[in-house]
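A.B. asks: Take 1 as the starting number for the sequence shown in full-length UniProt numbering and just add one per residue. In this text, a Cβ means the ideal position worked out from N, Cα and C, and glycines have one as well. Just so you know, these numbers come straight off a predicted model, no measurement behind them. One structure, as structure tokens, below. Some questions next.
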Amino acid sequence: MKYSKSLLSTWEIHHRPRIAILQRAGGGNPFNNLEKSTVLQEARTFNDTPINPRKCGQILTKLLYVINQGEAIGSLEATEAFFAMTKLFQSKDPILRRLVYLGIKEMSKIAQDVIIVTSSLMKDMTGKEEQFRGPAIRALCSITDTSMLQSIERHMKQAIVDKVPAVSSAALVSSLHLSKNSQEVVKRWVNEAQEAVNSDNIMVQYHALGLLYHIRRSDKLAVTKLVSKFSKHTLKSPYAYCLLIRIATKLIEEENAGSGTPMFDFIESCLRHKSEMVIYEAAQAIVQLKNTTAKDLAPAVSVLQLFCSSPKPTLRFAAVRTLNKVAMKHPAAVTACNLDLENLITDVNRSIATLAITTLLKTGNESSVDRLMKQISSFMSEISDEFKIVVVQAIRALCAKFPRKHNVLMTFLASMLRDEGGFEYKKEIVDCIIATIEENPEAKEAGLAHLCEFIEDCEHTVLATKILHLLGREGPRTPTPSKYIRFIYNRVILENAAVRAAAVSAIAKFGAHCEELLNSCVVLLERCQMDTDDEVRDRSTFYVNVLKQQQKALSSAYILNGLQVSVVGLERALHQYTLEPSEAPFDMKSVPLATQPLVEQKVREAPGGLGETPSKVSADKAAATRQDLYQEQLAAIPELANLGNLFKSSAPVEITESETEYYVQCIKHMFRNYIVFQFDCTNTLDDQVLERVTVDMEAGEGFEVVKQVACASLPYNKPGSTYTLMRLPEEPTSVTGTFPCTLKFVVRDCDPTTGEPDDEGYEDEYVLEDVEVTVADHVQKVLKANFAASWEEVGPENELEDTYALATVNTLEDAIKNITQYLGLQPCERSDKVPEGKSSHTLYLSGIFRGGHDALVRAKLALDSSGVTMQLTVRSTDPSVSEILATAIA
Numbered sequence: 001m002k003y004s005k006s007l008l009s010t011w012e013i014h015h016r017p018r019i020a021i022l023q024r025a026g027g028g029n030p031f032n033n034l035e036k037s038t039v040l041q042e043a044r045t046f047n048d049t050p051i052n053p054r055k056c057g058q059i060l061t062k063l064l065y066v067i068n069q070g071e072a073i074g075s076l077e078a079t080e081a082f083f084a085m086t087k088l089f090q091s092k093d094p095i096l097r098r099l100v101y102l103g104i105k106e107m108s109k110i111a112q113d114v115i116i117v118t119s120s121l122m123k124d125m126t127g128k129e130e131q132f133r134g135p136a137i138r139a140l141c142s143i144t145d146t147s148m149l150q151s152i153e154r155h156m157k158q159a160i161v162d163k164v165p166a167v168s169s170a171a172l173v174s175s176l177h178l179s180k181n182s183q184e185v186v187k188r189w190v191n192e193a194q195e196a197v198n199s200d201n202i203m204v205q206y207h208a209l210g211l212l213y214h215i216r217r218s219d220k221l222a223v224t225k226l227v228s229k230f231s232k233h234t235l236k237s238p239y240a241y242c243l244l245i246r247i248a249t250k251l252i253e254e255e256n257a258g259s260g261t262p263m264f265d266f267i268e269s270c271l272r273h274k275s276e277m278v279i280y281e282a283a284q285a286i287v288q289l290k291n292t293t294a295k296d297l298a299p300a301v302s303v304l305q306l307f308c309s310s311p312k313p314t315l316r317f318a319a320v321r322t323l324n325k326v327a328m329k330h331p332a333a334v335t336a337c338n339l340d341l342e343n344l345i346t347d348v349n350r351s352i353a354t355l356a357i358t359t360l361l362k363t364g365n366e367s368s369v370d371r372l373m374k375q376i377s378s379f380m381s382e383i384s385d386e387f388k389i390v391v392v393q394a395i396r397a398l399c400a401k402f403p404r405k406h407n408v409l410m411t412f413l414a415s416m417l418r419d420e421g422g423f424e425y426k427k428e429i430v431d432c433i434i435a436t437i438e439e440n441p442e443a444k445e446a447g448l449a450h451l452c453e454f455i456e457d458c459e460h461t462v463l464a465t466k467i468l469h470l471l472g473r474e475g476p477r478t479p480t481p482s483k484y485i486r487f488i489y490n491r492v493i494l495e496n497a498a499v500r501a502a503a504v505s506a507i508a509k510f511g512a513h514c515e516e517l518l519n520s521c522v523v524l525l526e527r528c529q530m531d532t533d534d535e536v537r538d539r540s541t542f543y544v545n546v547l548k549q550q551q552k553a554l555s556s557a558y559i560l561n562g563l564q565v566s567v568v569g570l571e572r573a574l575h576q577y578t579l580e581p582s583e584a585p586f587d588m589k590s591v592p593l594a595t596q597p598l599v600e601q602k603v604r605e606a607p608g609g610l611g612e613t614p615s616k617v618s619a620d621k622a623a624a625t626r627q628d629l630y631q632e633q634l635a636a637i638p639e640l641a642n643l644g645n646l647f648k649s650s651a652p653v654e655i656t657e658s659e660t661e662y663y664v665q666c667i668k669h670m671f672r673n674y675i676v677f678q679f680d681c682t683n684t685l686d687d688q689v690l691e692r693v694t695v696d697m698e699a700g701e702g703f704e705v706v707k708q709v710a711c712a713s714l715p716y717n718k719p720g721s722t723y724t725l726m727r728l729p730e731e732p733t734s735v736t737g738t739f740p741c742t743l744k745f746v747v748r749d750c751d752p753t754t755g756e757p758d759d760e761g762y763e764d765e766y767v768l769e770d771v772e773v774t775v776a777d778h779v780q781k782v783l784k785a786n787f788a789a790s791w792e793e794v795g796p797e798n799e800l801e802d803t804y805a806l807a808t809v810n811t812l813e814d815a816i817k818n819i820t821q822y823l824g825l826q827p828c829e830r831s832d833k834v835p836e837g838k839s840s841h842t843l844y845l846s847g848i849f850r851g852g853h854d855a856l857v858r859a860k861l862a863l864d865s866s867g868v869t870m871q872l873t874v875r876s877t878d879p880s881v882s883e884i885l886a887t888a889i890a
């Protein structure tokens, strides 16, 4: 939470009205064409005697404008202008003096020797001019460092408890900023901050509470006492109450507590506060808590329901926006507000009306869908694309909730596609239709028909190629696939090269899947061989040659399913192949498989601040895949550099409790013949430094620990990694095991403030939880777009089949979840979704086993009174893999 405005905001508050008046009078911003060199030249006027306050004020305004526009000013230029500006302290003009304070804060970042104005600022800080004291404190604290802070400590303490609210607030907010670099000094001002909390001024009380929390935030017990103390004593400031509610909410979330806590009782009591701001803050806090039930939400929803009928538009907007968020997780809790929300559909503020209608879409029943769609149609043209997207997202949820209403919803979405709108808006509609097609097989043909109409006039290449890809995947499996080919071939005639290339790929998929359309598709593709674009020509030539072979295995491998490799890994492997010429052909199995992009790494919040990313992966490569980044990380370690291509890396698994003195996570990196265990360790004791940190693992039968890579040093709250290299068993079917682990290290006591060790240390160890290697660790998920073609491609040569009784599973959904999770394979053709009311189902799974072997599983499930019966059929290109997967369930 911010406790003060930024420097730019402060400057704008003073000068935007002036600029706005000049703009209205002269028809433009008078500062638009300012040149930095000219302004710095004019700044020499500050040295003139006598001082002209009006002229100097205009020049100083120009200088501040130039700085805030991002102009780079050199250190020497800034220093010269800064020293000239200090001459303006001789003037008593209040406007000029306040501009000087702003100038000091801005120039202190780039000028040298800025401490020269310390005495002048301290004089103003302790002077009798009240309008100078607050700005002087803020300016002084912006140039004060840790070494100078003690010299002004006495004055800061006095300012915190000053009777003038502006002075006290300035001192409190400045103290908050100073604490970022001088936490220990500011901690000594806690008594003054506590006294300031008792102030009658609402802003002083708010700022004082913020400073107290910031001082104590690393001590959970002290923060709890802080909330308990001030929740019992009536605070006068609604801002302070809002801050107290946020602190209490954070404590509840950190402790993973529910509604039966004093903190929750305090938040609930704030629903009866006299300030609307506090009431809304409390209601929002309750609905955002993770472990709340419908009963806990009821008081907050009741308050928000009252706000829906408020005459103030801000309150109505806040209430309906919060109810919209509640409806995502607890739609039943918002049902009581439906009447109030329907009244808001006609609200003059279209933002409120949009949120009301989208909330109703989430909470309404199936019979109200038609009526709501008519109401939405009446104002869709009046709202912005941003709110149209909100409506589309609500319709998407409605499609999943009421699948039988897909005709009404699809028709409405198709009409929205024909209306005017930007790319993001159209993309959201297309994504909604595609999601509905994937989730509801009955909506497939209607959805594909609407998308075919859309691409006739689609001006966005990205959307056209996306729809063509969908048509190529889903169209061949419809009852009449031939009707889609006309729409696709029209794109070859009328569109740009990127869309033509996508259309060629789509036509090839129809030819590969539908034997009756093969000859027609080959003719169309042969026409494309004369295209002006080389990408289109190359694709059509390749597909024509594959289709003419009329071999299902070829069509499946090169058209229907395609390559599932990492682009970054393929580039690296091809580059390495060219550097080391070989007579052997390039092996695609040497290329890492494609995995999900590594968007963010798990970051642990340790006592005293945020921890660093456990794995040493560079943030600038976040677009790369997890495997690519880990491959680079492990290759940089000499002991692990020659293990070959990384096959798979698991998600981090905690092997200690998060509250223990040593927090450890394990990541399993699987190679062809080895497995590397990466242990990300965090030392949470500030009076210890750990050195030579390793994890000792007891190898199971057939496994062999080859090497350990120690973490040289593990200071307080700075994560580090240690590695254990283990050779996999020679027996191909021996792939699982459980390994006891012990953290071993040398402990050296240290000074908590400096972190410097003060003794030689001693050896110690800490027992960790066991690390388990499962079948899923050896399998990489790979989606087969056409499972039937892949099944035929692998063939029955290594097929194994068995029947199992899953007595501990009571539903088909649970059976699918457990099988998928244990085998680590990818569900294909949406077979992980069980149609409602079905007692039997077939699950299709696919993946690649370590070593590059295809693995396909077909599980026929049947539900009866005794549980779930499963007939499991496994096919693989390697007999050992078939045996491993077939016996894994047993």
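Pull up the distance between the alpha-carbon of Gly609 and that of Leu685, whole angstroms please.
C.D. replies: Because Gly609 carries a pLDDT of 30, less than 50, the predicted location of this residue cannot be relied on, and no value is offered for it.
A.B. asks: For Ile267, name the three-state secondary structure that DSSP assigns.
C.D. replies: helix
A.B. asks: Along the beta strand (DSSP E) that carries Asn683, what are the first and last residues, could you check?
C.D. replies: 674–683
A.B. asks: Can you tell me which of the three DSSP states Pro50 falls into?
C.D. replies: Looking at Pro50 - three-state DSSP - the assignment turns out to be coil, as it is neither helix nor strand.
A.B. asks: Rounded to the nearest angstrom, what separates Ala397 and Asp770 at their Cα positions?
C.D. replies: So the alpha carbons of these two residues sit roughly 41 Å apart.
A.B. asks: Going by Cα to Cα distance, which pick from Val462, Leu211, Leu518, Arg527 is closest to Leu496?
C.D. replies: In the sequence as displayed, the identity of residue 496 is Asn instead of Leu. Comparing Cα positions, the closest option is Val462.
A.B. asks: DSSP state of Met697, grouped into three classes?
C.D. replies: In the structure shown, Met697 sits in a strand (DSSP, three-state: E or B).
A.B. asks: Along the chain, where does the alpha helix (DSSP H) that runs through Asp534 open and close?
C.D. replies: 534–549
A.B. asks: DSSP has Gln288 in a bridge; who is on the other side?
C.D. replies: Paired residue(s): none; Gln288 is not in a bridge.
A.B. asks: Does the stretch 806–823 come into contact with the stretch 863–874, if we say contact requires no fewer than three beta-carbon pairs (one atom in each stretch) closer than 8 Å?
C.D. replies: Counting Cβ pairs under 8 Å, three or more are found: they touch.
A.B. asks: How would you write the range of the beta strand (DSSP E) that Arg856 sits in, first residue to last?
C.D. replies: Rather than Arg, the amino acid found at residue 856 in this sequence is Leu. Leu856 -> beta strand (DSSP E) spans 853–864.
A.B. asks: Please classify Cys741: does DSSP put it in a helix, a strand, or coil?
C.D. replies: strand
A.B. asks: If you draw a straight line from the C-alpha of Glu756 to the C-alpha of Val746, how long is it?
C.D. replies: Taking C-alpha positions only, Glu756 is separated from Val746 by approximately 15 Å.
A.B. asks: Just mark Asn717 as buried or exposed, buried being the case when its beta carbon has 16 or more other beta carbons within 10 Å.
C.D. replies: buried
A.B. asks: Report the CB separation of Tyr213 from Ala240 in whole angstroms; it is logged as a contact under 8 Å.
C.D. replies: Contact doesn't hold; Cβ gap of about 10 Å is too wide.
A.B. asks: Of all the options Pro299, Leu341, Ile467, Pro441, which has the alpha carbon lying nearest to the alpha carbon of His450?
C.D. replies: Ile467
A.B. asks: Checking 8 Å against the spacing of the C-beta atoms, do Phe510 and Gly475 come in under that value?
C.D. replies: yes
A.B. asks: For Arg216 versus Leu226, is the C-beta spacing smaller than 8 Å?
C.D. replies: Against a cut-off of 8 Å, the Cβ pair of Leu226 and Arg216 comes out as a contact.
A.B. asks: Assuming Cys750 and Leu714 are in contact, meaning their beta carbons sit under 8 Å apart, how far apart are those beta carbons, in whole angstroms?
C.D. replies: Incorrect: roughly 12 Å between the Cβ atoms, too far for contact.
A.B. asks: Please list the terminal residues of the continuous beta strand (DSSP E) segment that includes Phe849.
C.D. replies: 840–849
A.B. asks: Measuring straight from C-alpha to C-alpha, what distance separates Lys401 and Val735?
C.D. replies: 42 Å
A.B. asks: How close, in whole Å, do the beta carbons of Ile433 and Met410 come, if the pair is a contact with beta carbons under 8 Å?
C.D. replies: With 8 Å as the limit, Ile433 and Met410 qualify as a contact, their Cβ atoms being about 7 Å apart.
A.B. asks: Measuring CB atoms only, is the stretch 796–810 touching the stretch 582–589, in the sense that at least three cross pairs come out at less than 8 Å?
C.D. replies: no
A.B. asks: For the stretch 125–152, which segments carrying the alpha helix (DSSP H) assignment without a break, of at least 4 residues, lie completely within its bounds, in sequence order?
C.D. replies: DSSP runs (the alpha helix (DSSP H)) wholly in the stretch 125–152: 130–143.
A.B. asks: Return the chain-ordered ranges of every alpha helix (DSSP H) run that is complete within the stretch 397–433 and spans a minimum of 4 residues.
C.D. replies: 406–418
A.B. asks: At the level of alpha carbons, what is the spacing between Tyr489 and Ala503?
C.D. replies: Straight through space, the alpha carbons of Ala503 and Tyr489 are spaced by roughly 7 Å.
A.B. asks: Is it buried or exposed for Gly702, if we count other Cβ within 10 angstroms and need 16 for buried?
C.D. replies: exposed
A.B. asks: So for Asp385, helix, strand or coil by DSSP?
C.D. replies: helix
A.B. asks: Would Ile143 and Ser91 qualify as a contact pair, given that the criterion is a beta-carbon distance under 8 Å?
C.D. replies: No; because the gap between Cβ atoms is not below 8 Å, this pair is not in contact.
A.B. asks: By Cβ distance below 6 Å, which residues in the same chain neighbour residue 894 in space, the five residues on each side in sequence not counted?
C.D. replies: The structure shown does not extend to residue 894, since the chain is modelled only from 1 through 890, so no value can be given for it.
A.B. asks: Can you have a look at Val881 and say buried or exposed, based on whether 16 or more other CB atoms are within 10 angstroms of its CB?
C.D. replies: Counting Cβ neighbours within 10 Å, Val881 comes out buried, since at least 16 surround it.
A.B. asks: Closer than 7 Å by C-beta to Val303: which residues in its own chain qualify, once you throw out the five before and the five after it? Chain order, please.
C.D. replies: Leu271, Ile279, Ala283
A.B. asks: Who does Pro827 pair with in a DSSP beta bridge?
C.D. replies: Leu845
A.B. asks: Considering just the uninterrupted stretch of the alpha helix (DSSP H) at Met373, what are its terminal residues?
C.D. replies: 369–377
A.B. asks: Considering only their Cβ atoms, is the gap separating Ala78 from Lys43 smaller than 8 Å?
C.D. replies: In the sequence as presented, Lys is not what sits at residue 43; that position holds Ala. A distance of 8 Å or more separates the beta carbons of Ala43 and Ala78.
A.B. asks: Applying the criterion that 16 or more other CB atoms from any shown protein chain within 10 Å of the CB defines a buried residue, is Asn324 buried or exposed?
C.D. replies: Counting C-beta atoms within 10 angstroms of its own C-beta, Asn324 has 16 or more neighbours from the protein chains shown and is therefore classed as buried.
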